[in-house]
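Quick notes on the structure that follows.
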Amino acid sequence: MSPAKHQRLRLLSCNILAGASVQRYRQYVTRSINAVLPARSKLDNLDRLAELLPQFDVVGLQEADAGSLRSGFLNQTRYLAETSGMPFWSHQPNRPVAQLSHTANGLICRLEPQTVIDYPLPSRIPGRGALLARFGDDAHGLAVVVAHLSLSAQARAKQLAFIAEVLQDHPHAVLMGDLNTDTHSPEMRHLFAHSSLQPPEQAVPTFPSWKPRRALDHILVSSDIRIDKMWTLPQAFSDHLALAAEIQFSSTSVKKHR
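Numbering (full-length UniProt numbering), first residue to last: 1 to 258.
Here it is, written out as structure tokens:
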């Protein structure tokens, strides 16, 4: 086997709220009609995001619409991948509401995944999921999980315990997404105690996007992966700021497609 080489990847995690732009708390009410009806502003918002995606190697989306009335029956993960020219994409529809909305986790990447697995997450109300993508086919491969967790602490505890169990088989791992909690919560401490994932040196506030105070979105990595920098994109594409990170790790088989 050839010696492992140093890899550098840029990651992005973004809750896109099905393309909706919310810039004040009151707009959850005043723009509520946009939650169920298509609007040109949503497509414009997605187009602005698509312009930035080629800067990144792996992009995890939460609250992407899988193709329902509110998006004009557009699969937003696919649209972003094709508009940005990124070669690989996958999605995990997990919460259909008639034909009005169909929420999904999404994955867009420059690297070709060897495998992609959808996991439903435990919850009293079904509809949360985690998408696992594995890049590389040997012991140095990288596992990336994209997840959007529940608002309930009790549900999050079960979901993070499940993710920790899944990642026991993947020593080189990344968990990215809207986890709806900060890194000091009991459920997150359980995750760090039962997986190779490490708490970040400094959490980055992402919510609300117009005046971020809470670090609800995270890019967590295992102990053998180094985060060189972590930052939020200055543009607001939803009620969450998109979180970016540049990481380094050793791998013989994770290859980028240019």
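Using N, Cα and C, we set each Cβ at its ideal position, and we do this for glycine too.
Worksheet item: Measuring CB to CB, does residue 7 end up less than 8 Å from residue 249?
Response: Result yes, Cβ atoms of residue 7 and residue 249 sit closer than 8 Å.
Worksheet item: What residues are listed by DSSP as bridge partners for residue 226?
Response: Per DSSP, 248.
Worksheet item: The alpha helix (DSSP H) with residue 314 in it runs from where to where?
Response: The requested residue 314 does not occur in the structure, where the chain is confined to residues 1 to 258.
Worksheet entry | DSSP-derived helix/strand/coil call for residue 163 | Correct three-state label for residue 163: helix.
Worksheet item: Where does residue 256 fall in DSSP's three states?
Response: Looking at residue 256 - three-state DSSP - the assignment turns out to be strand.
Worksheet entry | First through last residue of the alpha helix (DSSP H) which encompasses residue 84 | Element bounds for residue 84: 76-84.
Worksheet item: Just reading off the beta strand (DSSP E) that residue 147 is part of, what are its end residues?
Response: 142-148 is the span of the beta strand (DSSP E), which, as asked, contains residue 147.
Item to complete: With residue 135 as the anchor, note down where its beta strand (DSSP E) starts and where it stops.
Response: Looking at the DSSP string, the run of the beta strand (DSSP E) that includes residue 135 is 129-135.
Fill in: Residue from 150, 113, 240 and 251 whose Cα sits closest to the Cα of residue 13
Closest option to residue 13, Cα to Cα, is 240.
Fill in: Member of 152, 117 and 154 whose CA lies at the smallest distance from the CA of residue 145
When 152, 117 and 154 are compared, the shortest CA-CA separation from residue 145 is found for 117.
Practice prompt. Measure how close the beta-carbons of residue 105 and residue 149 come, nearest whole angstrom, since I'm counting them as under 8 Å.
Written response: With a Cβ gap of about 11 Å, residue 105 and residue 149 do not count as contacting.
Worksheet item: Of the residues 198, 238, 177 and 235, which one's Cα is nearest the Cα of residue 216?
Response: Cα-wise, what sits closest to residue 216 is 177.
Practice prompt. Reducing DSSP to helix, strand and coil, say where residue 168 ends up.
Written response: Reduced to three states, the DSSP call for residue 168 is coil.
Fill in: residue 128, buried or exposed, once every other Cβ within 10 Å from all chains shown has been counted against 16
Residue 128 counts as buried, since no fewer than 16 other beta carbons sit within 10 angstroms of its beta carbon.
Fill in: Beta-carbon separation (whole angstroms), residue 80 vs residue 108, contact threshold 8 Å
Correct: roughly 6 Å between the Cβ atoms.
Worksheet item: Measuring CB to CB, does residue 221 end up less than 8 Å from residue 174?
Response: Yes.
Worksheet item: Using the beta-carbon count (16 or more within 10 Å), is residue 172 buried or exposed?
Response: By the 10 Å Cβ count, residue 172 comes out buried.
Discussion item. Restricting to Cα atoms, I'd like to know which of 136, 186 and 234 is closest to residue 255.
Written reply: Proximity to residue 255 across 136, 186 and 234 peaks at 136, based on C-alpha coordinates.
Worksheet entry | residue 6, enclosing beta strand (DSSP E) - first and last residue | Per DSSP, residue 6 belongs to the beta strand (DSSP E) from 5-15.
Practice prompt. Report the partner residues of residue 178 according to the DSSP bridge assignment.
Written response: Residue 178 pairs with 148 and 217.
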